[in-house]
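A.B. asks: Let me give you the structure first, and then I'll get to my questions.
Number of protein chains: 2
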Amino acid sequence: MFHRVKDYRIDLRTAMRGGDGEVKIEHLFEPGSELLAPTRMLGRLTLKPGCSIGFHRHENEEECFHIISGVAEADDNGAKVKLEAGDSLLTGNGAGHAIRNAGDVDLVMLAVIVKYAEAGK
Amino acid sequence: MFHRVKDYRIDLRTAMRGGDGEVKIEHLFEPGSELLAPTRMLGRLTLKPGCSIGFHRHENEEECFHIISGVAEADDNGAKVKLEAGDSLLTGNGAGHAIRNAGDVDLVMLAVIVKYAEAGK
Chain A
0 MFHRVKDYRI DLRTAMRGGD GEVKIEHLFE PGSELLAPTR MLGRLTLKPG CSIGFHRHEN
60 EEECFHIISG VAEADDNGAK VKLEAGDSLL TGNGAGHAIR NAGDVDLVML AVIVKYAEAG
120 K
Chain B
0 MFHRVKDYRI DLRTAMRGGD GEVKIEHLFE PGSELLAPTR MLGRLTLKPG CSIGFHRHEN
60 EEECFHIISG VAEADDNGAK VKLEAGDSLL TGNGAGHAIR NAGDVDLVML AVIVKYAEAG
120 K
């Protein structure tokens with residue numbers, strides 16, 4: 000199956016995880032119905048200048064942000080890092096992260112969250 | 000953890016799945032060591048004009064292609080579709096796909112393969 004930009008379900012999240020401004024999430028496919036794997040989210044996120052996602056942890060799962068365009072300041076489990084188009088951030092296994100649009104154009108990134116397999120299985 | 004473009008492990012696949020030309024795979028993170036979830040691949044794929052990935056099926060897993068730039072002709076489990084920047088293709092549960100760079104600039108896409116949870120668990 001395929002989706003075009005106009006097909007994506009959109010979430011607009013204000014103060015996401017305690018961050019600033021708004022985050023637009025375009026869900027590429029629906030977890031649990033279209034996505035049959037343990038993928039909790041598969042989305043394209045857009046943050047306008049000054050907007051951010053606040054610090055939060057990922058337990059028993061991991062999230063990858065892949066920067067498509069723009070410039071981000073990220074908190075990589077306590078370490079500050081500047082990320083640019085093409086860079087990727089991975090956070091899981093109890094670690095945490097935050098991300099802010101530090102530039103003057105939209106920050107666009109792919110976000111993938113995959114849950115860990117259950118222990119002992 | 001984060002990786003920049005210069006950090007990605009690169010695979011150059013010739014005649015990938017019986018396709019034409021070459022496919023460059025930049026692995027954003029390493030499955031099984033950096034990626035702890037059941038993610039078999041997380042990569043940025045580049046196909047030059049005329050290059051393709053031949054038709055193949057995904058059993059017990061699913062793959063999403065998200066087009067970052069360029070134009071693709073895809074085979075969506077038997078149906079031909081043109082995909083452009085922003086579009087996404089999902090293939091899993093025994094279905095198959097193929098993809099070709101149908102344009103005159105590089106086709107760049109994110110590819111994510113996640114394995115299904117084992118049955119009965």
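Respectively, the protein sequence lines represent chains A and B.
Numbering follows numbering that gives the first Met the number 0, with no gaps: position 90 of the first sequence is 89.
Numbering follows numbering that gives the first Met the number 0, with no gaps: position 12 of the second sequence is 11.
Every residue gets a Cβ at the ideal spot worked out from N, C-alpha and C, and that includes glycine.
#1: Could you confirm whether any beta carbon from chain B is found closer than 8 Å to the beta carbon of E58 (chain A)?
#2: Within the 8 Å Cβ cut-off, does M122 (chain B) reach chain A?
#3: Got a sec? Which residues, its chain only, sit under 7 Å from A36 (chain B) by beta carbon, not counting five neighbours each side?
#4: With DSSP as the reference, label K5 (chain B) as helix, strand or coil.
#5: Between the stretch 62-82 of chain B and the stretch 1-13 of chain B, can you find at least three pairs of beta-carbon atoms closer than 8 Å?
#6: Under 7 Å Cβ to Cβ from H65 (chain B), same chain only, skipping five residues before and after it: list those, please.
#7: 8 Å is my cut-off, CB to CB: does P37 (chain B) come that close to chain A?
#8: Use the C-beta contact count for R99 (chain A): other C-beta atoms within 10 angstroms, 16 or more gives buried, fewer gives exposed.
#9: Using DSSP bridges, identify the partner residues of G91 (chain A).
#10: Against chain A, does E72 (chain B) count as a neighbour if the rule is that its beta carbon must be under 8 Å from one of theirs?
#11: Taking Cβ-Cβ distances shorter than 8 Å, what residues in chain A pair up with N92 (chain B)?
#12: If you count every other CB in all the chains shown that lies within 10 Å of the CB of R43 (chain A), and 16 or more means buried, which is it?
#13: Is H2 (chain A) near L27 (chain A), with beta carbons less than 8 Å apart?
#14: Identify, in the order they occur along the chain, each residue of the same chain with its Cβ nearer than 8 Å to the Cβ of K114 (chain A), setting aside the five sequence neighbours on each side.
#15: Would you grab the beta carbon distance between E117 (chain A) and G91 (chain A) for me? Rounded to a whole angstrom, and I think it's under 8 Å.
#16: Please report how far the alpha carbon of H15 (chain B) lies from the alpha carbon of S51 (chain B), in whole angstroms.
C.D. replies: So, to answer that:
#1: no
#2: Any property of residue 122 (chain B) remains undetermined from this structure, which presents chain B solely from 0 to 120.
#3: none
#4: helix
#5: no
#6: S87, M108 and L109
#7: yes
#8: buried
#9: A:E61
#10: no
#11: L35
#12: buried
#13: yes
#14: P37, T38, R39, N59 and E60
#15: Not a contact, Cβ separation roughly 15 Å.
#16: In the sequence on display, residue 15 (chain B) carries Met and not His. Each residue's Cα considered, the two are about 7 Å apart.
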